[in-house]
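There are 2 protein chains.
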Amino acid sequence: MGARAEQPVLYVYSTIDALLAGAYEGDLTVRQLATKGDFGLGTYNHLNGEMVLLGGTMYHVKADGTVAIADPDEHVPLAYVVPFQPSDTFVVEASAAAKPLTELETAIDARLANKNLFYAVKVSGAFVNVSTRAIAPQARPYRSLAEVSKEQVVFKRTEVAGSLVGLRSPSFSKGISVPGWHWHFISDGKDYGGHVLAGSLVRGVVKVAPVREFDVQLPASDDFAKADQTKDRSAELHQVESGRR
Amino acid sequence: MGARAEQPVLYVYSTIDALLAGAYEGDLTVRQLATKGDFGLGTYNHLNGEMVLLGGTMYHVKADGTVAIADPDEHVPLAYVVPFQPSDTFVVEASAAAKPLTELETAIDARLANKNLFYAVKVSGAFVNVSTRAIAPQARPYRSLAEVSKEQVVFKRTEVAGSLVGLRSPSFSKGISVPGWHWHFISDGKDYGGHVLAGSLVRGVVKVAPVREFDVQLPASDDFAKADQTKDRSAELHQVESGRR
Chain W
1 MGARAEQPVL YVYSTIDALL AGAYEGDLTV RQLATKGDFG LGTYNHLNGE MVLLGGTMYH
61 VKADGTVAIA DPDEHVPLAY VVPFQPSDTF VVEASAAAKP LTELETAIDA RLANKNLFYA
121 VKVSGAFVNV STRAIAPQAR PYRSLAEVSK EQVVFKRTEV AGSLVGLRSP SFSKGISVPG
181 WHWHFISDGK DYGGHVLAGS LVRGVVKVAP VREFDVQLPA SDDFAKADQT KDRSAELHQV
241 ESGRR
Chain P
1001 MGARAEQPVL YVYSTIDALL AGAYEGDLTV RQLATKGDFG LGTYNHLNGE MVLLGGTMYH
1061 VKADGTVAIA DPDEHVPLAY VVPFQPSDTF VVEASAAAKP LTELETAIDA RLANKNLFYA
1121 VKVSGAFVNV STRAIAPQAR PYRSLAEVSK EQVVFKRTEV AGSLVGLRSP SFSKGISVPG
1181 WHWHFISDGK DYGGHVLAGS LVRGVVKVAP VREFDVQLPA SDDFAKADQT KDRSAELHQV
1241 ESGRR
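In the order they appear, the protein sequences are chains W and P.
Each residue of the first sequence is one higher than the last, beginning at 1 in our numbering.
Each residue of the second sequence is one higher than the last, beginning at 1001 in our numbering.
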């Protein structure tokens, strides 16, 4: 980037509350979504696996554990994508034991002067004891995400090199995004990934990109229109995100 | 508009939770805000009165009850602005008695197939028993909006011709906007207006513009960064919006 870059805008398609309510089909294609940035996360229509967007390539982690490049004609029901413009880079070197994800989050939080913004964060390095999950494609009538996620498939790696692709969302975005940290993972070999349930960092580089603007596109689908987004889904969200039953 | 218009985008500057927490200074000018649309509402820096944007003109209703055209160099701490593109127009003619605002809201709600969108709504006509309020400019250290609004100045008109300028926001936007209806008013004579506490419609034309996309700009100010936006401010918001003590 030669001149001062445009302020990055986080593009949000649909809302986390609509997904929790079972709105698993969107009318946005991967091709369209890819124009919004080079970094992000989400899922695919019918809740078919997990999306990881890193370095401009959109990966599709499926419920059989395989990783593919996403089909440009595939549709998405929920996604968060941004042009990745990090302003803070630092190295984490775990001293005695590897640093669990929660400690990594605390270490990053300590560097954030303003908790009322979004942050796109990439952590690339060596990890141990990583657990990810993906969900198999669903059929109508769709059950709630809290129900469906009980059937998630979990993939574990004792040692893996790769990248955490994360978004930290401010409290006021509850209903639209996941407040606090939300991590997906993709291995350097592009053969392992998914929504992160647990993991520890041995050593790595953390890049933090603050985001001051976000643009939310609400789907035109009946599913979205009819999703009950009036109730407080915090408890459901916590269950779904943490992967606990 | 000849060809099919671009989808209108609701521009949101800051968040309702930041305002409730006392973030009364933004770094956006009226001049900049006016590029985002011709219809909307908000307030001015230091919480100096109420903003009504109608037909591309930004009005400033002050705490002494006067109405002025907003100074382009004035700054705003919170605003919601959209290009007004109504898709549904209907006439309301109150039969026996004038229709209170709550009944008007119910009548409009009944026509909305999708409650998970934003709606910009203009109601132009003859009103009776209107109560509006404005708040006087505040000085640092800023108190919360719930505290400050106890000192609101209320203006009443027994009969007045004018327009309600309203925004209906979906539940999931809580924290960012006011869930449900939020009305400001400006008289045809441009000599009366403010944040609407009560009023009844005798007869008028309602224009409803659905909005499927919104773009939120988070202020760069320290006030915004430090505003506690982690707590549930629903009760404070209800008190502030309704004008009850």
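A virtual CB, placed ideally from N, CA and C, is assigned to each residue, including glycine.
Report the rounded CA-to-CA distance for residue i versus residue j, giving the unit in angstroms.
i, j, result
"P/T1066", "W/F224", "43 Å"
"P/P1141", "P/T1230", "21 Å"
"W/F84", "W/L145", "29 Å"
"P/R1004", "W/D38", "Residue placement at P/R1004 is flagged as unreliable, the pLDDT there being 47, under the threshold of 50; a coordinate-derived value is accordingly withheld."
"W/Q239", "P/K1226", "30 Å"
"W/F214", "W/K174", "14 Å"
"W/A134", "P/V1154", "56 Å"
"P/R1143", "P/K1150", "11 Å"
"P/V1206", "P/D1088", "8 Å"
"P/P1086", "W/G189", "51 Å"
"P/P1100", "P/F1090", "17 Å"
"W/V76", "W/A94", "37 Å"
"W/Y44", "W/H182", "17 Å"
"P/V1030", "P/L1078", "11 Å"
"P/V1082", "P/D1228", "27 Å"
"W/G2", "W/A139", "With a pLDDT of 40 at W/G2, under the threshold of 50, the modelled position of that residue is not reliable, and no figure is offered here."
"P/E1236", "P/Q1152", "15 Å"
"W/S242", "W/V130", "13 Å"
"W/G40", "W/A120", "8 Å"
"P/A1198", "W/D232", "29 Å"
"P/T1102", "P/L1053", "22 Å"
"W/R203", "P/G1042", "48 Å"
Measure from the C-beta of residue i to each C-beta in chain P and report whether the shortest distance is under 7 Å.
i, result
"W/L28", "no"
"W/L20", "no"
"W/V202", "no"
"W/D223", "no"
"W/T43", "no"
"W/R140", "no"
"W/R111", "no"
"W/D191", "no"
"W/D17", "yes"
"W/Y13", "no"
"W/E213", "yes"
"W/T35", "no"
"W/T66", "no"
Can you tell me whether residue i is buried or exposed, with buried defined as 16 or more other CB within 10 angstroms of its CB?
i, result
"W/H60", "buried"
"W/H184", "buried"
"W/T106", "exposed"
"W/S187", "buried"
"W/A110", "exposed"
"W/S234", "exposed"
"P/G1162", "buried"
"P/E1050", "buried"
"P/K1156", "exposed"
"P/I1069", "exposed"
"W/P137", "exposed"
"P/T1158", "exposed"
Determine, for residue i, whether the minimum Cβ-Cβ distance to residues of chain W falls below 7 Å.
i, result
"P/S1171", "yes"
"P/V985", "For chain P, the structure presents residues 1001 to 1245; residue 985 of chain P sits outside this window and is missing."
"P/N1116", "yes"
"P/R1004", "Interpretation of P/R1004 is limited by its pLDDT of 47, a score under 50 that renders its predicted location unreliable; the figure taken from the coordinates is listed afterwards. It does not: the Cβ of P/R1004 has no partner Cβ on chain W nearer than 7 Å."
"P/A1235", "no"
"P/G1175", "yes"
"P/E1241", "no"
"P/Q1229", "yes"
Whose C-alpha, out of the options, is nearest the C-alpha of residue i?
i, options, result
"P/A1220", "P/Y1013, P/I1108 and P/E1151", "P/Y1013"
"W/D73", "W/G26, W/L20 and W/I176", "W/G26"
"P/A1018", "P/Y1011, P/I1176 and P/G1040", "P/I1176"
"P/T1035", "P/G1022, P/P1210, P/D1088 and P/T1057", "P/T1057"
"P/T1015", "P/A1023, P/F1127 and P/G1125", "P/A1023"
"W/A63", "W/G194, W/S124 and W/T106", "W/G194"
"P/L1117", "P/V1165, P/S1169 and P/A1068", "P/S1169"
"P/N1114", "W/R111, W/G243, W/E236 and W/L218", "W/L218"
"P/A1097", "P/A1139, P/D1191, P/F1127 and P/I1108", "P/F1127"
"W/V208", "W/S200, W/V216 and W/G166", "W/G166"
"P/Q1032", "P/V1123, P/I1108, P/Y1011 and P/V1092", "P/Y1011"
"W/V160", "W/I108, W/V148, W/G180 and W/S124", "W/S124"
"W/L20", "W/V148, W/Q7 and W/K122", "W/V148"
"P/G1180", "P/I1108, P/L1201, P/T1158 and P/D1222", "P/I1108"
"P/G1055", "P/F1172, P/V1211 and P/K1122", "P/K1122"
Name the chain A residues that come within less than 7 Å of residue i, Cβ to Cβ?
i, result
"W/A79", "Although the question refers to chain A, the structure presented lacks it and instead comprises the protein chains W and P."
Entirely within the stretch 1049-1120 of chain P and at least 3 residues each: give me those beta strand (DSSP E) ranges in chain order. Taken in chain order, the complete beta strand (DSSP E) segments of 3 residues or longer contained in the stretch 1049-1120 of chain P are 1050-1054, 1057-1061, 1067-1069, 1078-1082 and 1088-1093.
Which runs of the alpha helix (DSSP H), 4 residues or longer, sit entirely within the stretch 1206-1237 of chain P? As far as the stretch 1206-1237 of chain P is concerned, its whole alpha helix (DSSP H) runs of at least 4 residues are 1222-1226.
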